[in-house]
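Colleague:
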Amino acid sequence: MTAGSLLLQSELLPEALDISFKIGPALLVIGMLGLFLTIGFVFRVADTDDMWVAGRSIGNVENGMAIGANWMSAASYLGMAASIALAGFYGLVFVVGWTTGYFILLIFLAAQLRRFGKYTAPDFVGDRFNSDTARAIAAVTTFLIGFVYAIGQAKGMALVGLYIFGNYGGLIPGLDGYQVMVVAMMVVTVGYLTLSGMLGATKNQAVQYVILILAFVVGLFVVGYTNGYSTVLPQLEYGALISQLGSEFSEPFAGSSYYLWVATTFSLIVGTCGLPHVLVRFYTVESERTARWSTVWGLFFICILYWSAPAFAAFGTDLYSQNVGATYGDPGMTSAASEVIVVLAAQLSGLPEWFVGIVAAGGIAAAIATVAGLFIAGSSAISHDIYTNIINEDATQRQQILVGRLSIVALGALTTLAALNPASSIAALVGYAFSLAGSVLFPMFFLGMWWENANRQGALAGMTTGLTLWAIPMINQIVPTYIGSLEAPLSAGLATWMPAIGSALITLPVVFVVTIVVSMATDEPSLETKRIVRQCHSPEPMGQQETAEDVVAADGGEDVATDGGRAVDDAAADGGRAVDDAAAEGDRAVDDADPDDTTEGER
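Okay, so the sequence shown: first residue is 166 according to this note's numbering, each after it adds one.
1) Does ILE147 pass the burial test, meaning 16 or more other C-beta atoms within 10 Å, or should it be called exposed?
2) Considering Cα atoms alone, identify which of ILE249, MET609, ALA537, GLY189 is closest to ALA593.
3) Relative to the C-alpha of ALA474, which candidate in LEU202, LEU243, PHE201, PRO638 has its C-alpha closest?
4) Can you find the residues in the same chain that come closer than 7 Å, C-beta to C-beta, to PRO287, ignoring five residues on each side of it along the sequence?
5) Distance, Cα to Cα, GLU518 vs LYS187?
6) Apart from the five residues on each side of it in sequence, which residues of its chain come closer than 6 Å, Cβ to Cβ, to THR109?
7) Inspect the CB distances between the segment 371-379 and the segment 522-536 and report whether three or more fall short of 8 Å.
8) What's the call for ASN488, buried or exposed, on a 16-neighbour Cβ count within 10 Å?
9) At the level of alpha carbons, what is the spacing between VAL325 and ALA526?
10) Relative to the C-alpha of THR712, which residue among LEU193, PHE289, PRO399 is closest?
11) Give the secondary structure of THR167 by DSSP, where H, G and I count as helix, E and B as strand, and everything else as coil.
12) Grab me the residues of LYS320's own chain with a C-beta within less than 6 Å of its C-beta, minus the 5 sequence neighbours each way, in chain order.
13) On the CB-based measure, 16 or more other CB atoms within 10 Å of its CB, does PHE599 come out buried or exposed?
14) Could you compute how far the alpha carbon of TRP615 sits from the alpha carbon of VAL261?
15) Have a look at GLY490 and LEU251 and give me their C-alpha separation to the nearest angstrom.
16) Just the Cα atoms here: how many angstroms apart are THR777 and ILE434?
17) GLN562 lies in the alpha helix (DSSP H); which residues open and close that run?
18) Please list the terminal residues of the continuous alpha helix (DSSP H) segment that includes TRP263.
19) DSSP three-state call for PRO179: helix, strand or coil?
20) Please state the DSSP three-state secondary structure of ILE297.
21) Would you check if the segment 501-514 and the segment 262-282 touch, i.e. whether three or more CB-CB distances between them fall below 8 Å?
22) Within the continuous alpha helix (DSSP H) that includes GLN700, where are the two ends?
23) Considering only residues of the same chain and omitting the five flanking positions on each side of ALA743, which have a CB-CB separation below 8 Å?
24) DSSP state of GLU416, grouped into three classes?
25) Is the beta carbon of LEU182 less than 8 Å from the beta carbon of VAL461?
26) Are there 16 or more other CB atoms within 10 angstroms of the CB of PHE381, so buried, or fewer, so exposed?
27) Output yes or no for whether 8 Å exceeds the beta carbon distance between ALA602 and GLY436.
28) How would you write the range of the alpha helix (DSSP H) that MET197 sits in, first residue to last?
29) From this set, ALA246, GLY253, MET346, GLY356, which residue's C-alpha is nearest LEU202's C-alpha?
30) State buried or exposed for PRO664, treating a residue as buried only when at least 16 other CB atoms are found within 10 Å of its CB.
31) Heavy atom of the ligand PLP less than 7 Å from the Cβ of GLY569, yes or no?
32) With H, G and I counted as helix, E and B as strand and the rest as coil, what does DSSP make of GLN512?
33) Determine the burial state of TRP217: buried for a count of at least 16 other Cβ atoms within 10 Å of its Cβ, exposed for fewer.
34) Residue range of the alpha helix (DSSP H) that PHE599 falls in?
35) Using the beta-carbon count (16 or more within 10 Å), is PHE540 buried or exposed?
36) Are the beta-carbon atoms of ARG621 and SER415 separated by less than 8 Å?
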C-alpha cells in the first residue's frame, strides 16, 4: 500500500503529513505520558476534597499554569492556528473571544466564586437557588459541555498521534488508523484521570503547560528562523508575509459574514465565563485573593500562545503553498491538514524528526490537560451533584470517589465513540460547547452573583430555556451529519441567523429576560441567601478556607436590611454599648458602696 493511497482512505488523514512510526518522537511521547501517569499516582486522591478541588491548596502561579494548560486545549494549540490558516481573518475570532472572556471572568466572577466556596458549578447553582432540580440541570449541562468539548480534544490527539506512531488501521477490527489512535489516546487519558483526580490533574497541568508552551513557542522561533521569516520576534515580523498569502488570509470577512464573526465572538466570550472546568479552578485555591491572581497569571500564560498562533498560521500556510499546493480554492488545503498546520510547518521546514516530535508532543499535552479538566468537572457533576446531593445523601467518600471514577470512564467512552467520526473541525466542536456554557450556565452565575433577587423559579425557567434554544441549532446543523441520510443544515435561514457556534448571541439575552421576569413575578429568595450573596461582595477579607456561607452562619454576614455593613458590626456596636453601660453601672455601684471606706481613708 502506497503512502498516496493511504492518505486517500479517509478525509481525516491530513495530506502531506508524514504518517509513519518515528522512534525518537514515539519515545518522547511515551516518556511524557509515563510522567503524567507517575504524577497522577504520586498525587492520587485521598478524599473528596482532593478529588474535586485539590484540597483547596493550590497557589496562584501554579493555579495560573493549570488554568493555562486547562484552557489551551487542542483547540488553542492546533485549532486556532488551523482556523486562521484555513479561514484567515475569521480565525481571529477565537483569539478575541477567548481572551476577552477572561477579562470578564476576572472582573465579575473569579473572587466571588471563591468566596461562595463550593465544589462544582452545579453545586453553586443548586445552593444559590436552593433547588435540586436546578442542580440536576446544571449537572447535565456540565456533562454535556465536557462531552462536546472533549470530542475536539480526542480528534486533535489522534491527528498528532498519526504523525508520531503511524497508521495502525485494522489493528482494532473495523477501525482505520485515525480511529485506532483516538481509542489509544483516550485510554491513556482516562487511565490517569481515574487514578489521580483533581489534585493529580492540577499537578499534571502545571507540567503540561511548561511542555506545551515551550514546544509551541520554540517551534515557532525555529520555523521562523529556518525559513527566513523572522530574525528576532516572529510574533511581530510575520506581518510582511501576510500580503503574499492572498486576500483569503488577510481580508476581513472574505469567507464569512460579519454577523457570524460577531455571533461567534460573543458566544466565546460568555462561554468562557460559564465553562465548568474553568470555574472549578477558583475552588481549588485557599482565598479570593489567590483566585484573582490565578486569573491574572492564567491570562498571561494563555496570551503567550495566543500571541504566537497567528504567526504560526502564516508560516504554515506559506510553507504549505510552497511544498504541497494551493492553500485556497479547489481543492486547496483540507480541514484535516489545517488542523495539524503547527506540526506540518515544522515538518515542511525540514527540521529533525525529534524536534518535530517535540512540537507534536506539545499538542498531545495540551489536549490531555484540557480533557483532564473537562472529565473532572463532568464526573463531579454526576458523583457529587447528582449522586451525593440528590440520590444518596449519606454516601461515603469511598462511594463518591468510586462513582466519580466510573463517570470518568463513561464520559471517556462516549467521547471516544463520537470522536471516531467527528462532525466538525476541532475549533468548531469546542465552539459548540462554549455556546452551551454561555446559554445555560453563565446567566446563572452572573445573575446569581450580582442580583440577590434571582430566585429558584427564575433559574429553572432560564436554564430550561437556554438548554432548549441551544439544542435547536445543534439539531439543525450537527445531528444530520451523524445520521447521514439528512442534509445539513435542515434550515439554511436558521443556520445563518442562529449558527450553532454562535447561538449564545440569541439565547443569552432571552435567558436573561426570562430569568429576571420570572424572578420578579415570584417570591424573593430567603434572607440567608441574600446575605450570602452580599458576603460574596464584602470588602472585608475572609480567612483561608472560609466561605461566605461560613461567615453568614457564624455572624449573619452582610446586613441586608441596612444595605451593607455586616450584621456582626451592628451586633458588635450593640455589644459595645452594652459593655459601656454595664461598666458605667458598675462604677456607680462601686461609688455607692464605698463612701464610708473613702471617708475613713481620708480621715
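Cβ coordinates follow ideal geometry from the N, Cα and C atoms, glycine included. As the structure is a computational prediction, the values presented were derived from the model and not from experiment.
Modeller: Well, looking at it:
1) Only positions 166 to 768 of the chain appear in the structure, and residue 147 is not among them; the question remains open.
2) ILE249
3) LEU243
4) ARG300, ALA303, ALA304, THR307, ALA546, ASP550
5) 8 Å
6) What is shown of the chain runs 166 to 768, which leaves residue 109 out entirely.
7) yes
8) exposed
9) 8 Å
10) PHE289
11) Annotation note: pLDDT 31 at THR167 (below 50); position unreliable, coordinate value reported separately. Reduced to three states, the DSSP call for THR167 is coil.
12) ALA584, PRO587, ILE591
13) buried
14) 25 Å
15) 14 Å
16) Nothing can be reported for residue 777, as the shown portion of the chain is limited to 166 through 768.
17) 562-584
18) 257-273
19) coil
20) The sequence given here places Asp at residue 297; Ile does not occur at that position. If DSSP states are grouped into helix, strand and coil, ASP297 belongs with the helices.
21) no
22) 692-701
23) Low local confidence applies: a pLDDT of 45 at ALA743 is under 50, so the model's placement there is unreliable, and no value is given.
24) coil
25) no
26) buried
27) yes
28) 188-207
29) GLY356
30) buried
31) Here there are no bound small molecules, and the ligand PLP is not part of this structure.
32) helix
33) In this predicted model, TRP217 has a pLDDT of only 44, less than 50, meaning its place in the structure is not dependable enough to derive any value.
34) 591-601
35) buried
36) no
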